[in-house]
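A short write-up of the structure that comes next.
Laid out in structure tokens, this is it:
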């Protein structure tokens, strides 16, 4: 079952612009994580936000979490061509045991 | 750095063959996971393990089994490969649960 759903499915922007991706989920969570995947490779962890946190920063990344709306957003500021990748949110649920449940991802393309 | 190694990057098998996908992690993580990734469906959890010889079914365990005889190694077994098991298979490990996942590079399996 898919817990997280990302929006948009695909995003194309120019280098230097900001990119915003959204994630919605259905059940209560312990934490929400964002991952990045370059084409045909494994996923790399970007950032984790706990259910009692509202905002978190890491370099050019900013993540927000609204548990009342069951949604999160990932903002990449001043994007670069190297940011071109797929981005996935993943939720760790209160009753979900040891596992994370992933969404379907947003494909980001940053053009020069 | 945590390293998760999957034994094959690309694999081609015939329908009905028994297929073994191997995964090894070098950071003494308790938890290990197998996901499959298909276009438009994101990552779906097949099986996970939180200790040696322990296993739990994920969301799509049918047609698969797993083995964890040693802490560092988690094997995915396709008992009788079918064409609908053609997919990218991703192994991951984590120290805590539901914690940050460290992924291998993936195995692209084609069943002909």
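Residue numbers (our numbering), protein chains in the order written: chain L, 450 to 561; chain R, 539 to 650.
We treat Cβ as the ideally placed atom computed from N, Cα and C, and that holds for glycine.
This one's a predicted model, so the numbers in the text were calculated from it and none came from an experiment.
| Item | Value |
| --- | --- |
| Using CA atoms only, rank isn't needed, just tell me which of L:457, L:468, L:462 is closest to residue 512 of chain L. | L:468 |
| Tell me the rounded alpha-carbon separation between residue 648 of chain R and residue 555 of chain R. | 12 Å |
| Please find out if some non-hydrogen atom of the ligand FAD comes closer than 6 Å to the beta-carbon of residue 570 of chain R. | As for the ligand FAD, it is missing from this structure, which has no ligand bound. |
| Rounded to whole angstroms, what is the Cα-Cα separation between residue 578 of chain R and residue 598 of chain R? | 16 Å |
| Which chain R residues sit within Cβ distance under 8 Å of residue 533 of chain L? | Those do not exist, as residue 533 of chain L stays about 17 Å from chain R at its closest Cβ, beyond 8 Å. |
| Is residue 480 of chain L helix, strand or coil when you go by DSSP? | strand |
| What would DSSP say about residue 623 of chain R, mapped onto helix, strand or coil? | helix |
| Are residue 638 of chain R and residue 494 of chain L closer than 7 Å when you measure CB to CB? | yes |
| How many Å lie between residue 451 of chain L and residue 640 of chain R at the Cα? | Bear in mind that the predicted position of residue 451 of chain L carries a pLDDT of just 45, short of 50, making it unreliable; the figure below should be weighed with that in mind. Their backbone Cα atoms lie some 20 Å apart in a straight line. |
| Taking all protein chains shown into account, decide if residue 631 of chain R is buried (16 or more other Cβ within 10 angstroms of its Cβ) or exposed. | buried |
| Could you tell me whether the Cβ of residue 577 of chain R comes closer than 7 Å to any Cβ of chain L? | no |
| Between the beta-carbon of residue 557 of chain R and the beta-carbon of residue 642 of chain R, is there less than 7 Å? | no |
| Give me the chain R residues within the contact set of residue 510 of chain L, using Cβ-Cβ distance strictly less than 8 Å, ordered along the chain. | The premise fails here: residue 510 of chain L is roughly 15 Å from chain R at the closest Cβ pair, so nothing lies under 8 Å. |
| Taking all protein chains shown into account, do 16 or more other C-beta atoms lie within 10 angstroms of the C-beta of residue 600 of chain R, making it buried, or fewer, making it exposed? | exposed |
| Using the Cα positions of residue 482 of chain L and residue 550 of chain R, report the straight-line distance between them to the nearest angstrom. | 33 Å |
| Using beta-carbon positions only, say whether residue 644 of chain R and residue 552 of chain L come within less than 7 Å of one another. | no |
| Give, in chain order, every residue of the segment 484 to 502 of chain L whose Cβ lies closer than 8 Å to some Cβ of chain R. | 484, 489, 490, 491, 492, 493, 494, 497 |
| Inspect the CB distances between the segment 563 to 578 of chain R and the segment 618 to 637 of chain R and report whether three or more fall short of 8 Å. | yes |
| According to the neighbour-count rule (16 or more other Cβ atoms, all chains shown, within 10 Å of its Cβ), is residue 570 of chain L buried or exposed? | Beyond the ends of chain L as shown, which are 450 and 561, falls residue 570 of chain L; an answer cannot be given. |
| Strictly below 8 Å CB to CB, what residues from chain L border residue 643 of chain R? | 490, 491 |
| Going by beta carbon distance, what residues of the same chain come within less than 8 Å of residue 563 of chain L, once the five residues before and after it are set aside? | Because chain L here runs from 450 to 561, residue 563 of chain L falls outside it and cannot be looked at. |
| Answer yes or no: does any C-beta atom of chain R fall closer than 7 Å to that of residue 548 of chain L? | yes |
| Mapping DSSP to helix, strand and coil, what is residue 531 of chain L? | helix |
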